[in-house]
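Working notes, beginning with the structure itself.
In our numbering, the protein residues as written are 124 to 492.
Below you can see the structure in the form of C-alpha cells.
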C-alpha cells in the first residue's frame with residue numbers, strides 16, 4: 124500500500140453497548156484533521172457469546188473467573204476481525220502501523236472514577252503482529268472526566284465544510300452527541316459533547332423480553348404502537364436530563380419500569396419516543412442550536428426513531444451517509460484515529476467533551492513482542 128506523507132495506516136476496533144458484534148475499520152489518518160476511510164466490516168457476536176458478555180455487565184473485577192474468560196475470548200474474536208478485515212482489503216499486517224482497540228465497556232461509573240473496558244491489548248498485539256493502543260478512557264476518568272464520549276474530536280476532523288453549528292448524533296446502546304461550532308480561520312472549531320440518554324439499549328431489551336428478536340427492525344413495532352405520555356413523562360423525570368454537558372451514562376442507567384404494563388407495540392413506541400425526547404432535551408445545554416443533525420450508528424436505520432427526532436428537533440436530521448460518511452463505521456474509525464493521537468501525545472478529550480479538567484491524552488501502548 125502506497126504511504127501518504129503524514130498519514131498512518133491503522134485499524135480501529137469497536138464493540139459497542141448494543142452488543143451486536145465487532146466493528147473493524149481500516150483507515151489512514153494523521154491523528155489531527157486528515158482521515159481517509161479504506162475498508163470496514165462488522166462481525167456479529169453469536170447468541171452464546173452475547174449472553175456471556177451480557178453477564179459481565181456491571182462487574183469491575185476482571186482478574187479471574189468468567190469475566191477473564193470472556194475477555195480472552197473477546198480479544199481473540201477481535202484478532203480474527205483484524206485478520207478478516209485485512210484479507211478483505213488486500214492489505215498485509217506489516218503495512219498496518221497500529222490498532223486502536225476499544226474493548227467492551229462492562230462498567231462505567233465516572234462519578235466514582237470507575238470505568239472498565241475488557242480487552243487484552245498485549246494478547247491482541249501478539250495475535251495480530253500489530254502494535255495496539257487500548258484502555259483509552261481510564262486516564263480521563265482518573266482525572267475527573269466522564270470518560271465519554273471519546274468520538275467528538277474525530278467528528279470535528281471529518282466535519283470540514285459542513286453547515287455549522289453541526290450536531291453529530293451517534294445512536295448505539297447509549298446515544299451521544301458532538302456539537303461542532305463554526306469553523307474559525309486558522310484555528311480549531313469549538314466542540315461540546317455528552318451522552319444524551321438511551322439509544323437502542325432499552326428498545327433492544329424490550330424486544331428480547333417479549334421474544335420479538337434482538338432489535339426493532341426499521342422501527343416497525345414502534346410504528347404500530349402509541350406513545351404513552353404518562354410513561355414517557357416518568358422516564359423523562361430522571362435527573363440526568365437536567366444536568367449540563369458534559370455528562371455520560373452507563374448502558375443500564377435507566378429503569379424501564381414505567382413501560383412495564385404496556386403492550387409490546389406501545390412499549391416500543393414509548394421507549395423510542397424516550398430516546399428522541401432525551402436527544403431533544405440536550406439542545407438547551409449546547410452553546411447554540413444545531414442547524415443540522417447527522418446521525419450515525421444503528422439507530423439511524425430505525426425509521427420511526429428518525430421521524431421522531433426530526434419532529435422534536437425541527438431542523439434537518441439525516442443519516443451521516445448523506446454526506447459521504449459510513450454511519451456504521453464511524454465509531455471504529457474513531458478509535459483508530461484516537462490511537463494515533465495517543466502515540467502523538469495529543470489530547471483524546473477536552474473539558475468541554477468529557478468534563479476533564481485539562482485536555483487529556485490517554486491510552487496504553489502494547490508493542491509487538
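We treat Cβ as the ideally placed atom computed from N, Cα and C, and that holds for glycine.
Check, Outcome
"When 363, 199, 232 are compared against residue 401, the one with the closest alpha-carbon", "363"
"C-beta contact flag for residue 456 and residue 371 at 7 angstroms", "no"
"Buried/exposed call for residue 491, threshold 16 Cβ in 10 Å", "exposed"
"Cα-Cα separation between residue 435 and residue 312, rounded to whole angstroms", "26 angstroms"
"Which of helix, strand or coil DSSP assigns to residue 332", "helix"
"Those runs of the beta strand (DSSP E) which lie wholly inside the segment 243-307 and span at least 3 residues", "255-257, 289-294, 297-303"
"Exposed unless 16 or more other CB atoms sit within 10 angstroms - verdict on residue 331", "exposed"
"Inter-residue Cα distance where the pair is residue 289 and residue 422", "18 angstroms"
"Simplified DSSP state of residue 493, which is helix, strand or coil", "No answer is possible for residue 493: it lies beyond the span of the chain, which begins at 124 and ends at 492."
"Residues near residue 253 in its chain [Cβ-Cβ closer than 6 angstroms; skip 5 each side]", "216, 219, 222"
"Alpha carbon of residue 181 to alpha carbon of residue 239, nearest angstrom", "9 angstroms"
"Residue 481, DSSP secondary structure in three states", "coil"
"Candidates 348, 319, 388: closest to residue 409 by CA position", "319"
"Where residue 471 falls: helix, strand or coil (DSSP)", "coil"
"Touching by the beta-carbon criterion (3+ pairs, under 8 angstroms), the segment 333-343 and the segment 225-239", "no"
"Buried or exposed by the 16-neighbour rule on C-beta atoms within 10 Å, applied to residue 351", "buried"
"The ligand GDP heavy atom lying under 6 angstroms from the CB of residue 356", "Questions concerning the ligand GDP fall outside what the structure shown contains, since it holds no ligand whatsoever."
"Nearest-angstrom Cα separation, counted from residue 188 out to residue 407", "45 angstroms"
"Inter-stretch contact at 8 angstroms, needing at least 3 Cβ pairs: the segment 251-267 / the segment 467-484", "yes"
"Spatially closest choice to residue 308 from 283, 439, 152, 199, by CA coordinates", "283"
"Simplified DSSP state of residue 218, which is helix, strand or coil", "helix"
"Sheet register partners of residue 155 (DSSP bridge)", "Bridge partners of residue 155: none, in fact."
"Cβ pair residue 145, residue 201 closer than 7 angstroms", "yes"
"Limits of the beta strand (DSSP E) - the one that residue 373 falls within", "Note, residue 373: premise wrong, no beta strand (DSSP E); not H, not E."
"Alpha-carbon to alpha-carbon, residue 403 and residue 465", "33 angstroms"
"Neighbourhood of residue 247 by C-beta distance below 7 angstroms, restricted to the same chain and skipping five residues each side", "198, 201, 202, 222, 224, 255"
"Cβ-Cβ separation, residue 291 to residue 300 (assumed contact under 8 angstroms), whole Å", "7 angstroms"
"Limits of the unbroken alpha helix (DSSP H) element including residue 417", "That residue, residue 417, is in no alpha helix (DSSP H); its beta strand (DSSP E) goes 415-419."
"Contacts around residue 140, its chain only, beta-carbon distance under 7 angstroms, and the 5 residues preceding and following it disregarded", "228, 295, 296, 297, 324, 374"
"Supposed contact pair residue 345 and residue 395 - C-beta distance, whole angstroms, cut 8 angstroms", "4 angstroms"
"Residue 448 versus 428, 476, 418, 424, residue with shortest Cα-Cα distance", "418"
"Nearest-angstrom Cβ-Cβ length linking residue 272 and residue 316, presumed shorter than 8 angstroms", "5 angstroms"
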